[in-house]
Structure formats: C-alpha cells, structure tokens
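> Residue 276 in my numbering sits at position 251 of the sequence shown; the count goes up by one each step and never skips. Here it is, the structure, as structure tokens.
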Amino acid sequence: MSEPQDRIDLFEYLVERGHDEKRVESFLKNLKKDGLLELVEKALSARDNLKKFAQTVKQLDPTVFGSEDPASRLELMLQHLLSSMVEDEYYNRKILFNRKMFLSSTIEQYEQRFVKLIEEINNAMQEVSQAAAEALKAKTKNMMEKCSSLLDKMDRLGLEPIGLRDELIRIEKGLKSVISGEITPETLTFYIENLPRLTSRLDELEADCIILFQKKEELEENLGKIKQRFEELEKVSEKASQAGLKLSFIEEYLSWKDVLISRIRDKCKKAGPECYDEAISSAKELEKELSQLLAQSESISSLLEKRIELFKALKEVEEEVPKLDSLIGTSYFSNTVESLKKDLSSVSGIESILESAELDSLVQKAESVLKEIKLLVELSKAIKELEKIPEDSRKSQRVKRQIQKLAEILESDIPLEKKVQDITKRVKELVRGARAMEEVLQDLLRLYPIWRRRILSLVRERGSVSIGELEFVPPRWRKWVVERIVKEVGDITMSGDSLVLAGALTPVGVSIEVARQKAAAFEEVLRGLEEFLGTELSEERRGLEHVKQLINSIEGSSYTGEDSKAMEETLIEVNRTLELLANMLRKRMIR
C-alpha cells in the first residue's frame, strides 16, 4: 500500500535537511504510533498556507513585513522542532510494548510544542492578513484617488468622454467597495491576485486621459487665440463706431463669435482623444481666417483716425454751440454744426474691404471736413473771448452794436477763413476796450481791503462813523464801499448816514461795564458786613440801589452828540457815589 503524499513530503523534507533515511523512516513510524503524525502534518499544512499567503502579500507590497518575514521565522521554528525530534535518542528508541505508557511525558511535551507552534502560525496568519488588508486599502486608496483626480479634471475641462469616463467611474466604485468592505484572507487573496491587472488597466486609462487633456489644452490654446482675434476685431469695430462707420464685413463675423467657438469646443465634449485632431485643425483654420481679416481691416485705419479726430473736434464745438449762439445772438453755430454732421453721416457703413481709390476719396473728404471744423473751432474760441467782457458792459449800446456787426459777418457769404480773421480782430479790439474799464475796477478791488480795515478800525473804536468822515475814500466810491462792508460784517449796520457797531463794547460801553462790576463788588462786601454785624445797613443799601438805577438808565444805549455828554456825566455820578459808599463802609468797620 502506497504512503500518503503528506508523509512522503515529510520524509523528503527531513532527508533534504540531512537526516538519515532509515532514521527518518523509524521517526515517522514512531509519530504514527504516538498519534503525533497528524498534528505534525497539520503544522506543515499551516506553514505552507502561511508561506503561500506571505508570498502573495509580498506581491502587493514587498515592504509589508519590514525586516522580519513571519513565515520564514516560523519555518525555522518548525525545522528546529522536527530536527530535535528526529535526533532525540530517547524518543526514537525501540520499545516493544506500550510506547505511549513509557514515553507519555515526552510525547505530551512534543504534542504541546506542536500545538503551540500551530497556534503561532495561525496568529501570524491573522497578523499578515491584517497588514495585507491595510496595504491593500492603502494601494486601493491611491488608485481611487487617481480615478477621482482624473474625473475631477474632466469636470474642470468640461469633458464627458463616454467610454473612458464610464470605465473610470466603474473602477472608482469598485475600489470604494474594497476600502469600505470587510477583507478576509480568502477575499484578500482574490484582490491581490487581480490587483496587478486592475492597476495595469488604470494606467492605460490614465495614459488615455493624459492624451485627452493635452489635446483639450491644445484646443483651448487655439480657441484662446481665436478669442484674442475677435477682441481685436471688436476694437476695430468700436473704433469704426467712434468714427461714425459700420464695418459690415467685420460685424458679420462678430455676430457669429459665440456660435463658432462653441461649435468647435463642444464637438469633442463626449468623445475621446481621437476627435480632437479635427477640432484643433478647425480652430487653426478659423484663427487664420480672422488674422487675415484683421490684416485687411488695417487698410482703413487711416480713414478711421481722420474721422475720429473729426468727430472729436466737432463734439468740442457742439458742446459750446448754445453758449456761442447766445453770445453772438444768432443761430450760426448750430446751423453750421448740423450741416457738418449731415456731411459726415453721408458715409455711415462699409460693406467690404475698400479699393485704394475709394479709400483715398473718403480720406480726402474727411480731411476737407476736418479743415472746416478746425476753422470753426478757431472761430468759436474767438467768440468765447466775449465772455471776458463783464455782463454789465455787454449790456451797453456800444458793445451791443459791435456784437451785432460780428453776427452780420458770420451770416455773410465770405469764406470761412476770412470770417475767422475778421472776427478774431474785431473781438480783440472789443475785449481790449472792456479791459480798460476792468482795470479801473481792479484798482477799486485792490484798494477796498485797505479802506475796509481803516473803516472797521474807526467804527470799533468810536462805536459809529459817518460817511462824510471817510475822506480817504474817493467820494464816487464811498457809498459802494460802505454798502459792501455792511454786507460782509455782521455786527455793523447803517444808521442814517453812519456806520454803527451793533452789540459790541465801545469805550463808553467799557466804562459802563466797569461801573456795573464795581457796584456788584460793593454789594458783595456790603452783604458780608451785614452778616457780620447782624443788622441791615439801610443807608448804604439805599445808596447802592441809586447806583444801580443810574447804570440801568445808560446800559445798552448808544449815544452821539449831546446824549453822549449826558451819559458821561451819569458815569461820573455813579463813580462818585460808589466812592462815598465805600468810605461809609470803611468807617463802620473802624468803629
């Protein structure tokens, strides 16, 4: 009867490690007799499973075990245990009857050692499984992040390649289930064995995505150039609009701008890299076509520059038209501007690129109109000089007659250039005469601050000053100067033919204030002495009341002439009475 395969393997295993064949055969028989053979074979099987699983895990991550491989360590332990049993003379001696009874202690010791070894192998299998599961999840997480990164970039670039995107989503979903699910040694082996194929496929998809992204970026770069050409064409169109022209051959392209760009961009939105070559080619053709259009449009730049300059000059005059017509009393400027605007609007659009002769004709016409507008600008500047004449002067009959003559020249049929010369000369003479009068006024305004200071000083010193006393001001200007001072200074008013200081202290007013303060001080002393003596000093009280009545009779008044003399006499009476009252108090205090 043939031996089981496990025992043949065990036999070969021990012989390969240098043990004698006969001794190994005897050892195997003893194992069988002692009931240890199955336990040894179980240990060998557990070792093989661990060894195979460890090799599989190393495919996932060669560094998973660090410097110590648990399968190799336990293999050495098993070798050592078996070798020690084979060479154990006591265990392998011949016993004819009842081996288990004579060797029970030794057999039990070896049995326990094998049981412990099998337990360590199982524990190692769990540790390896756990480490492998963590390594698998880490690798799976990296792969999933790669999927997510590729899908996110597709979203940012607005790409939806159906086949490529769907497969990435499918792989991402599968990887998520590995990370979130429970991993057993059985499923772990399945994942590890299939991971290289999945990794390879993901690398292929990533390579396809990189090509796709590069093609997309190349397409966007070309679309960017197209946008730039459109922006340049828009500037040409805007410049033409400022020049009062519509360039139909450019406007047509601009109206299709968004459609043309979207048509090229969206063509490959749901396709793979192979579609983009055609789209890029279309973009390059459109960009070339727009560049040619820009080059052609440069031929009319001189016309646009002339017309823009023309419109700018015309606008400058147009803004001043109401004022100019008002100054001269005619509608010459408004009529002339309207006529020029009609000339400009006669050419409002260009359908296609102009021939050289057509362009020269339009440029010459623009130059002619521009020359006329420049003369009109000179004429308007001359007329505006009339503003330098004071409004009162412009109302005089002499000035009115001269302005009427200017209007007649404007409305005449003489050439515009001659009108500019005549009117400029006449306006200068008119303004020169007005300036002579203005110089007199300037002298008045220059002297006014000096006169004003002197007048204010006199009024504040005296309380009032009559106009007749202002001899330092020429008689013809005195009334004007006084009225202006009254307007500017809030506390000075007119009273008859005098300037009067209202509400301020004059020298007499100061004397009244001093008297009032003396009376108040005397009253304080009187009150203190009455409290000290414990009685009212009626005579002094009557004297004080008399003083108060005198002060009240003159306080707040403003007098001139005879009234001023009466007020001075009253103040003398007040001071004399206060002095008498003070002497009376001094005598009382001495007693």
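Just so you know, even glycine gets a beta-carbon here, dropped at the ideal spot from N, CA and C.
Would a C-beta distance cut-off of 8 Å place Pro690 and Val140 closer than the cut-off?
Because the chain in this structure spans residues 26 to 616, residue 690 falls outside the shown range and cannot be described.
> Just mark Pro186 as buried or exposed, buried being the case when its beta carbon has 16 or more other beta carbons within 10 Å.
For the purposes of this step, residue 186 is taken as the residue at position 161 of the sequence shown. Looking at its Cβ environment, which holds 16 or more other Cβ atoms inside 10 Å, Pro186 is buried.
> Per the DSSP calculation, Ser520 is bridged to which residue(s)?
To locate residue 520, count along the sequence shown from 1; it is residue 495. Ser523.
> Within the same chain, show all residues whose beta-carbon is closer than 8 Å to that of Leu53, passing over the 5 residues directly before and after it, in chain order.
In the sequence shown, counting from the first residue as 1, residue 53 sits at position 28. Hits under 8 Å: Arg32, Leu35, Phe36 and Leu62.
> Who are the near neighbours of Met26 in its chain, counting only those whose CB is closer than 6 Å to its CB and skipping five residues on each side?
For the purposes of this step, residue 26 is identified with residue 1 of the sequence shown, where counting begins at 1. Residue confidence is low: Met26 scores 39 on pLDDT, short of 50, so the model does not pin down where it sits. Its coordinate-derived value is still stated next. None.
> Ser364 by DSSP, collapsed to three states: which one?
Walking along the sequence shown from the start, residue 364 turns up at place 339. Here Ser364 sits in helix by DSSP.
> I need the straight-line Cα distance from Ile475 to Val456, nearest angstrom please.
Counting from one through the sequence shown, the residue named residue 475 turns up at place 450. Counting from one through the sequence shown, the residue named residue 456 turns up at place 431. Whole-angstrom Cα-Cα distance: 29 Å.
> Check Leu411 in the structure and name its three-state DSSP category.
Along the sequence shown, read from residue 1 onward, the residue named residue 411 stands at position 386. Three-state result, Leu411: helix.
> Taking only three categories from DSSP, how would you classify Ser373?
For this step, residue 373 is matched to residue 348 along the sequence shown. Because the pLDDT at Ser373 is just 43, under 50, the model does not fix this residue reliably, and the value given afterwards should be weighed accordingly. If DSSP states are grouped into helix, strand and coil, Ser373 belongs with coil.
> Using a Cβ-Cβ cutoff of less than 7 Å, which residues in the same chain neighbour Ser51 once the five nearest sequence positions on both sides are dropped?
Taking the first residue of the sequence shown as position 1, residue 51 is located at position 26. Cβ within range, chain order: Asn117.
> Mind checking who Ser262 pairs with in its DSSP beta bridge?
Within the sequence shown, the letter at position 237 stands for residue 262. None; Ser262 has no bridge partner.
> Grouping DSSP H, G and I as helix and E and B as strand, with all else coil, what is Val514?
In the sequence shown, residue 514 corresponds to position 489, counting from 1. Val514 falls in the coil class under three-state DSSP.
> Just curious, the beta strand (DSSP E) that Val490 is in, first and last residue?
In the sequence shown, residue 490 corresponds to position 465, counting from 1. Where Val490 is concerned, the enclosing beta strand (DSSP E) stretches over Ser489 to Ser491.
> Apply the 10 Å Cβ neighbour rule to Tyr135 and answer buried if 16 or more other Cβ atoms are within range, or exposed otherwise.
Counting from 1 along the sequence shown, the entry for residue 135 is found at position 110. Buried, since its Cβ has 16 or more Cβ neighbours within 10 Å.
> Determine, using beta carbons only, whether Ala544 and Ile576 come nearer to each other than 8 Å.
As a working note, residue 544 is residue 519 in the sequence shown. As a working note, residue 576 is residue 551 in the sequence shown. Going by C-beta atoms, Ala544 is nearer than 8 Å to Ile576.
> Need the endpoints of the alpha helix (DSSP H) that Thr165 sits in, please.
Residue mapping note: residue 165 aligns to position 140 of the sequence shown, counting from 1. That run of the alpha helix (DSSP H) goes Ser129 to Leu182.
> When the Cα atoms are used, what is the spatial distance from Glu565 to Glu548?
Sequence index remark: in the sequence shown, residue 565 carries index 540 (1-based). Sequence index remark: in the sequence shown, residue 548 carries index 523 (1-based). Going from the Cα of Glu565 to the Cα of Glu548 covers about 10 Å.
> So, with DSSP's three-state summary, where would you put Trp281?
As a first step, residue 281 must be located in the sequence shown, where it is residue number 256. Correct three-state label for Trp281: coil.
> In angstroms, rounded to a whole number, what distance separates the CA positions of Ala232 and Ile289?
In the sequence shown, residue 232 corresponds to position 207, counting from 1. In the sequence shown, residue 289 corresponds to position 264, counting from 1. So the alpha carbons of these two residues sit roughly 24 Å apart.
> Using a Cβ-Cβ cutoff of less than 8 Å, which residues in the same chain neighbour Glu494 once the five nearest sequence positions on both sides are dropped?
As a working mapping, residue 494 is identified with position 469 in the sequence shown. The residues are Leu483.
> Do you know offhand how far Ser618's Cα is from Lys83's?
Given that the chain is displayed from residue 26 to residue 616, the structure contains no residue 618 and the question cannot be resolved.
> How big is the Cα-Cα spacing for Ser306 and Leu213?
The residue labelled residue 306 in the question sits at position 281 within the sequence shown. The residue labelled residue 213 in the question sits at position 188 within the sequence shown. Looking at the two C-alpha atoms, the distance is approximately 50 Å.
> Quick test of the definition: if touching needs 3 or more C-beta pairs under 8 Å, does the region 65–77 touch the region 145–164?
The region 65–77 vs the region 145–164: in contact.
> For Ser689, is the classification buried or exposed, using 16 other Cβ atoms within 10 angstroms of its Cβ as the cut-off for buried?
Residue 689 falls outside the range modelled here, since the chain spans only 26 to 616, and no answer is possible.
> Beta-carbon within less than 8 Å of Ile492's beta-carbon, same chain only, minus the 5 sequence neighbours each way: which residues are those?
Walking along the sequence shown from the start, residue 492 turns up at place 467. Result list for Ile492: Arg503, Lys504, Val507, Asp522, Ser523 and Leu524, in chain order.
> When the Cα atoms are used, what is the spatial distance from Glu218 to Leu161?
As a first step, residue 218 must be located in the sequence shown, where it is residue number 193. As a first step, residue 161 must be located in the sequence shown, where it is residue number 136. Computed Cα separation, rounded: 11 Å.
> Alpha carbon to alpha carbon, what distance is there between Leu39 and Ser108?
Residue 108 sits at position 83 when you count from the first residue of the sequence shown. Residue 39 sits at position 14 when you count from the first residue of the sequence shown. Spanning the two alpha carbons is a distance of roughly 8 Å.
> Which residues bound the alpha helix (DSSP H) around Val424?
If you number the sequence shown from 1, residue 424 lands on position 399. Counting along the chain, the alpha helix (DSSP H) containing Val424 begins and ends at Gln422 to Glu436.
> Got a sec, what are the start and stop residues for the alpha helix (DSSP H) Asp191 sits in?
In the sequence shown, the residue the question calls residue 191 occupies position 166. Where Asp191 is concerned, the enclosing alpha helix (DSSP H) stretches over Ile187 to Ser205.
> Distance, Cα to Cα, Leu223 vs Gly188?
The residue given as residue 223 occupies position 198 in the sequence shown. The residue given as residue 188 occupies position 163 in the sequence shown. Cα-Cα distance, rounded: 17 Å.
> Tell me which residues share the same chain as Thr602 and place their Cβ nearer than 7 Å to its Cβ, disregarding the 5 neighbours each side in the sequence.
What you label residue 602 is simply residue 577 of the sequence shown in a count that begins at 1. Within the same chain, Thr602 has close Cβ partners Gly568, His571 and Val572.
> In or out: Arg552 buried (at least 16 other Cβ within 10 Å) or exposed?
As a first step, residue 552 must be located in the sequence shown, where it is residue number 527. Exposed.
> Determine, using beta carbons only, whether Met102 and Leu142 come nearer to each other than 8 Å.
Locating residue 102 in the sequence shown gives position 77, counting from the first residue. Locating residue 142 in the sequence shown gives position 117, counting from the first residue. Yes, Cβ-Cβ distance for Met102 and Leu142 is below 8 Å.
> With three or more C-beta pairs closer than 8 Å as the rule, is the region 257–276 touching the region 234–248?
The region 234–248 is not in contact with the region 257–276.
> May I have the straight-line CA-CA distance separating Glu242 from Lys252, to the nearest angstrom?
Here residue 242 is taken as the residue at index 217 of the sequence shown, counted from 1. Here residue 252 is taken as the residue at index 227 of the sequence shown, counted from 1. Computed Cα separation, rounded: 15 Å.
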